[in-house]
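Participant:
Residue numbers (the numbering used here): -12 to 20.
#1: Please report the distance separating the alpha-carbon of residue 2 from that of residue -9.
#2: What is the DSSP secondary structure of residue -11, counted as helix, strand or coil?
#3: Using the Cα positions of residue 14 and residue -1, report the straight-line distance between them to the nearest angstrom.
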């Protein structure tokens, strides 16, 4: 679970949010072994 706090500003390109989600998935692997 990760939290965006107050969310993402409407002007942020959707692909930027996708990069963030991918980074969370990649970096969290070490905690789910």
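Idealized CB from N, CA, C, for every residue including glycine.
What you are looking at is a predicted structure, and each value in this text was computed from that prediction instead of being measured.
Facilitator: With the given structure in hand:
#1: Here residue 2 corresponds to residue number 15 of the chain shown, with the count starting at 1. Here residue -9 corresponds to residue number 4 of the chain shown, with the count starting at 1. Going by the C-alpha atoms only, they are around 15 Å apart.
#2: Position 2 of the chain shown holds residue -11. DSSP places residue -11 in coil when its eight states are reduced to three.
#3: Reading the chain shown from its first residue, position 27 is the one you call residue 14. Reading the chain shown from its first residue, position 12 is the one you call residue -1. Going by the C-alpha atoms only, they are around 22 Å apart.
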